[in-house]
Each structure stands twice: as structure tokens, then as C-alpha cells.
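Heads up: the sequence shown is residues 32 to 213, going by our numbering. Every residue, glycine too, gets a C-beta built ideally from N, C-alpha and C. For reference, the structure discussed in these notes is given below.
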Amino acid sequence: MSARAPADGGARSWKDDVLQDWAANRGAGKSRLIMLLFRQVARWHRGPRRPWHTPVTAMYTVLVNWVLGVELPPGTRIGPGLCLLHPQAIVINPDTQIGAGCTIRASTVLGNIVKSDGTITGSPTLDDGVELGVGVIIIGPIEIGAGARVGAGAVVVHDVPAGGVAVGNPARLVSDHQESPA
Ligand SMILES: CC(C)(COP(=O)(O)OP(=O)(O)OC[C@H]1O[C@@H](n2cnc3c(N)ncnc32)[C@H](O)[C@@H]1OP(=O)(O)O)[C@@H](O)C(=O)NCCC(=O)NCCS
């Protein structure tokens, strides 16, 4: 997925997304369950409404958000193959865009900022293959380029280039290029 392309647009099917999520979360039953339920409610969210969608989506929120501790709203655009490692205390704003093959760990927040004048910023975009360490916070309309990695505990307030490695609070680049293939 390119930076600003819709993660749910194009030729991909619901089944492709589910299969790729399933493969990305091998050995992690909780992550597989969350992604499977997310894909179903996200599909309903985009399509024509049926009477059972509202109560089942409410049950999804109760189970995944309240019980399992992962706030993953049905309107969030997420490419296939999202890997959730140790999924708890994760908060993702519905305006966030997540590309294909990304990894998100526990205690991650992807959100917007309410400015002092009351205006609200956009939310982050993760391009394909982005890996976030545990406890990462990314706030505002920040773009994390394809294949970039963000270190555990980082607070990211500026864009990270494709292939870059960012660490710390505020995050700084410790590498700004992708390693060449061997
Ligand atoms: C950021 C990360 C991807 C970098 O890995 P890497 O490319 O191998 O980089 P290095 O280990 O060579 O570290 C590069 C520099 O960043 C620093 N650094 C690495 N991770 C850091 C972090 N999370 N916070 C602050 N500094 C960090 C290193 O100390 C080093 O600094 P130096 O050059 O001054 O010595 C990795 O350290 C990381 O944080 N991965 C996430 C792991 C995680 O969340 N595990 C939880 C499992 S549940």
C-alpha cells in the first residue's frame, strides 16, 4: 500500500485479508481472534447495513475493547497481514491507516492531538511493513514510511522515512535507510 492509498481499497477480498492476518499471527490465538472479528465488523461497516450488524458490532466492542483491551474501531483502514504481538492496552484511532504486513505490539497508541484551540489533527499512517516496538506512541498526522521500525517506548512526533529506524522520546532517527539486500 502506498502512503495515502486506502488500506481497504482495490482488488483485495475479505478472505485474503483474513488468511494473511491468520498467517501473520501464527501461534497467537488471541491475535487471530481479534483480527478475525475485526475483519468481519469492518466489512459490515463498509457495506450495506443489516439489522444484526449494530448489536454484533457492539458485542465486538465489548469483547475486543473492554475485555481484551484492544481498541480497534471497525472503521480503521488496515491492510492484510497485521501482526499483533502481545495485544493488550492498544489504542488505535479510527482515522489511522495501516498498510500491509505491519507489526504492532502491546501498549501502542496511534492517535490524534486536540490542540489548545480545540482543533483536532489527523491520525498516523503506517506504510507497508512497518514494525512498532512495545509501548510506541505516535500522535498526529505522522507518516511512518514503508519498512521503517520504531523502537520500544518511542514517542513519534515527526515523519519517519521508509526503511528508517527511530527511537526515543521525542523519537530521533538512528538509521535513515533500508539495509541493502545481501
Ligand atoms: C529500535 C530497534 C528496532 C532497533 O534495532 P536495531 O536496528 O538492531 O538497532 P540497534 O540495536 O543497533 O540500536 C541502534 C541505536 O538505537 C538505540 N536504541 C535501540 N532501541 C532503542 C529504544 N527502544 N529506545 C532508545 N534507544 C534505542 C541503541 O542503544 C543504539 O544506540 P547507539 O548507536 O547510541 O548505541 C530495536 O532496538 C527495538 O526497540 N525493537 C523493539 C523490540 C520490542 O519492542 N520488544 C518487545 C517484545 S514484547
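V196: CB within 6 Å of a non-hydrogen atom of ligand 1:
yes
Whether or not the region 132-150 and the region 158-176 are in contact is what I'm after, with contact meaning three or more pairs of Cβ atoms, one per stretch, closer than 8 Å; do they touch?
yes
Are A179 and V191 close, meaning C-beta to C-beta below 7 Å?
yes
Using DSSP with H/G/I as helix, E/B as strand and the rest coil, what is V134?
Going by the sequence as given, residue 134 is Thr instead of Val. Here T134 sits in strand by DSSP.
Nearest CA to the CA of V93: which residue from V181, N124, L157, L68?
L68
Apart from the five residues just before and just after P172, which ones in its own chain have a Cβ nearer than 6 Å to its Cβ?
T152, G153
Have a look at the DSSP bridge pairing and note the partners of V161.
DSSP lists no partner for V161.
Does A202 pass the burial test, meaning 16 or more other C-beta atoms within 10 Å, or should it be called exposed?
buried
Thinking V95 and V87 are a contact (beta carbons under 8 Å), I'd like their distance in whole angstroms, please.
That belief does not hold up - the Cβ atoms of V95 and V87 are roughly 12 Å apart, past 8 Å.
Whole angstroms are fine: how far does the CA of W83 sit from the CA of A36?
Residue placement at A36 cannot be trusted, given a pLDDT of 47 that sits under 50; what the coordinates show is reported in the next sentence. If you take the alpha carbons of A36 and W83, they lie about 30 Å apart.
Find the nearest neighbour of L50 within the set D148, V145, H189, G112, judged by alpha-carbon distance.
G112
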